[in-house]
Structures are given as C-alpha cells and as structure tokens.
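Mapping the sequence shown onto the numbering used here, position 129 (from 1) lands on 120, and the numbers just tick up by one.
Quick reminder that beta carbons are idealized off the backbone N, C-alpha and C, glycines included.
Below is one structure, written out as structure tokens, with a few remarks after it.
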Amino acid sequence: MARLSRREVYAPHEIAIVHVINRVNQGCFLLGTDPFTGKNLDHRKAWMEDQLRRQAACFAIDLLGFAILPDRFHLILRSRPDCVKQWDDTDIARRWLTICPVRKTDDGQPAPPTTEDVNLLRLNRTRLKAIRSRLSDISWWTRIFCQQIAKRANDEDEQRGKFFQSRFKAVRLLDEQALVACAVHVDLKPVIASQAKPRRSKAPKAAKRRLQTVPQTVSSATAGVLRRKSAKRNATAASGRRAAAPSAGVSATADQFLTPVEFKQRKGAAQGAELNKAGARCSDKGFLPFSQDDYFQLLDWTSRQLTQGQKGRVPESIEPILQQLQLDRETWCDLVAHFDKRFFVVAGALTTIDDTTSRLKQHRYHVPLATRQLFQDIESRTETSE
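Have a look at this one:
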C-alpha cells in the first residue's frame, strides 16, 4: 500500500497537532557518541536546540515537546493558522527573513533583516501570500530545520550529501488520549531508548527545560535524572556550541520557546490565539487538560513503571488522569513505551481513528493489528473487573 501524501493528513490552513520523527541518513550516530568510533558529537544537539528556539520565535507553530537522540529527533508541533491571521505583512516578511536570512554576519551567524529587505519582500504580494501559508506549515518547519542542521553538520565533517532521511515520519494526533501519551513518550524517549540500548541514555530534554523554571521542590525520579546529568550535558554542549544571538526582547528563560503545558483560556485573548507578547514563541496557549505539576507527576510515575516495572495500586494523583484518558495502567505503559510503533499516520482512540478519513480522497486510516488488540484488551479487563 502506497504511503499517503501529507496533504491527506494535515494542511497549513487548519490547526493540527503532529508528531514528527526523522533519522540521520544510513542509521549513523551523527548527533551523539558513535559506539563504533567513539567520536562525540553532542554539540550538534545544542545546534538543534538553538534552531528550535529560532523557529519557535518566528513560525506560527507551537513547539509542544522535543527529544534529540544520537540518530534521530522527535518533535510535537501544533500548526496555528489563527496566529498568522493576527500578523500584518511587515511581521510576516520580518519573520521569514529571520528564518531564511539573505545575508550572514562575519562569524557566519544569520544577520537580522534590514528595513529595506522587509519592505522589498512585503511589496511582493504573490510571494508573501505563499510565505504566509508556509509559516503555519509543519512540513516547511521540518524542512528548514533539517536543512539548517544538515548544512552545519556537513560543513563540519567536510562532507556532501543528505544528512537526514529525505522523508520524515508525521503522525497526526487526533484526540486528547493520543496527545498525552505522545507527550510523555517524547519526554521519556531517551529513558525508553536507554532500556534497549544503554549507550543512548540521556536526560529528557524538553522536560529538563521545563523543570529548570520551577523550584527545586519538585522531587521525582525524572527530575533526578535530569539534574544529575545536567552538569555533564551542559559542559559537553558548551565545548562545541556557538549559540545564536537571542532576538531583541526575548528573555533567557530556559523553556521560553516551549508551549505551556496547561491549557487555560485566558481572558481577552484575540480569537483564542493567545499570541506570546515576548516574541519567544508563537502563543501562550497550553495543550494538556491538567497542570504542569500533574504532568511532572505523570512523567515520574510512568518512568518508574517503565524502568523498574513497579506494580501495585495506581497513585491517587495519577488515577484521575488515566480515567480521563479511558486507559488502564497496562495500556498506558504500552502506549508510552511503543507509541511510534502503535500508530502509522494518525493516532488516537480506535473510535476516533475509524470515524476519521483522509482530507482529500477520504481514505480510511490503517490501524496496526497489535494496536487494535491492545485496546480490545482494555475492554476485556474492564468487563472482568466488573
């Protein structure tokens, strides 16, 4: 069966949440320590985080989470065409020229666009219309991200050719169940990978950035992993990092480029857009139906389930979340550990997927047999308990 075009799954003019995965070419370890040569390339992960910060400040796309492993990266992105509508032509031109600069500084960094550059692009109505669409297009976000990192890595290695695989994997998250499971999967991906391949063990990156902005009162296994590895990771990154100059008016808060966890509709938000006033990210609209503290507890408990295989009663703080998601412990842990294998093109509850068809040709989405069996097991366990 031929792979569906991404246009069948999501479009830049509609709000969509997508889990993006891409690998480096030929399965090499070009973003970490190569187990065969011993060469350490962890500084490239700092390049990638810098690029994520730059794009989060310019695109009409919310960065919900990310993980960078030695041979791949994971992103959770939410397109925001409603935010693009709030930007005028000058803002559109400035943002695009910041992402794709027409010139560089003497040290090779992107040069800020001049007023002349902005006006020249702003007056080109045809091109500006296309750019306005690109700024909320997840495919364009991924394309530019891969191009920028690939160019720097190839220059460093004095190589030519493809650095990342030409086609990235994109899974649209259709409901709350899929979104929460995917968010935890991505935040714990380094922990999950370390269970299969200990060489890959690294601290969860996005969760670490969020934890850096809260008091040390957060006590969890996940927080402990992050803080113990923080010093070593930062020292490695600093040795090879050339940090991009922050944009004017953007603070140095660790998680400023990440979308807030908790979804709260604020008063006075223009058409629900909730644009970020500091300019560090697209918007301040959260994405999960519970608080950040609850999310940290969920991360902590799930990480212990996956790494230590702890059994027993589900904690009182976790049980309401699983009930809201209509999942039990076994199914939840399976989804988090194997999320990227349980869904191909779209993710969600079986009823949600079966009721959804592709955008243009109205194809039904395929669900792996193992996934259907997983959800059927929930029903059988529920009937047994009753």
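Own chain, CB closer than 7 angstroms to residue i, minus 5 neighbours either side, in chain order
i	result
R355	T348
C173	H10, I67, L164, F330, A338
R85	P104, V109
V171	L279, L316
T204	T244, A245, D246
T343	L165, D166
A144	L21, R35, F154
V358	L341, I344
Secondary structure of residue i, DSSP reduced to three states
i	result
N267	coil
P311	helix
T24	strand
V337	strand
I6	coil
V0	coil
L112	helix
F330	helix
T348	strand
A144	helix
R355	strand
A58	strand
L365	helix
A161	strand
S274	strand
V305	coil
V177	helix
V252	coil
F136	helix
T227	Caution applies to T227, whose pLDDT of 45 falls short of 50 and renders its modelled position unreliable; the model cannot decide the point.
R14	strand
Beta-carbon proximity of residue i to residue j, cut-off 8 angstroms
i	j	result
A197	G56	yes
R69	I52	yes
E253	F281	yes
V109	L88	yes
R350	A2	yes
W132	Q46	yes
R(-3)	S130	yes
I90	I135	yes
P251	G277	yes
R113	T81	yes
L179	L297	yes
Residue i at chain E interface by Cβ criterion, 8 angstroms
i	result
H176	Reference to chain E is not applicable here, since this structure consists of a single protein chain.
Sequence-distant residues of its chain with Cβ nearer than 8 angstroms to residue i (five each side left out)
i	result
F155	N13, R14, V15, N16, C137, I140, A141
K223	With a pLDDT of 46 at K223, under the threshold of 50, the modelled position of this residue cannot be trusted, and the question is left open.
R151	N145
Same chain, Cβ closer than 6 angstroms to residue i, five either side skipped, listed in chain order
i	result
A407	For the chain, the structure presents residues -8 to 377; residue 407 sits outside this window and is missing.
F366	L341
L126	F50, A51, V75
T208	Low per-residue confidence applies at T208: pLDDT is 48, beneath 50, and the placement is therefore not dependable, though the value from the model is reported in the following sentence. Cβ neighbours of T208 beyond the five flanking positions: none.
Buried/exposed call for residue i, threshold 16 Cβ in 10 Å
i	result
S308	exposed
H4	exposed
N115	exposed
V93	exposed
D79	exposed
F27	exposed
T293	buried
K199	buried
H176	buried
A361	exposed
G263	exposed
T106	exposed
E40	buried
S157	exposed
Q314	exposed
D98	exposed
G23	buried
P72	buried
- Query: Which full runs of the beta strand (DSSP E) of 3+ residues lie inside the region 70 to 104, going along the chain?
  - Reply: Runs found: none.
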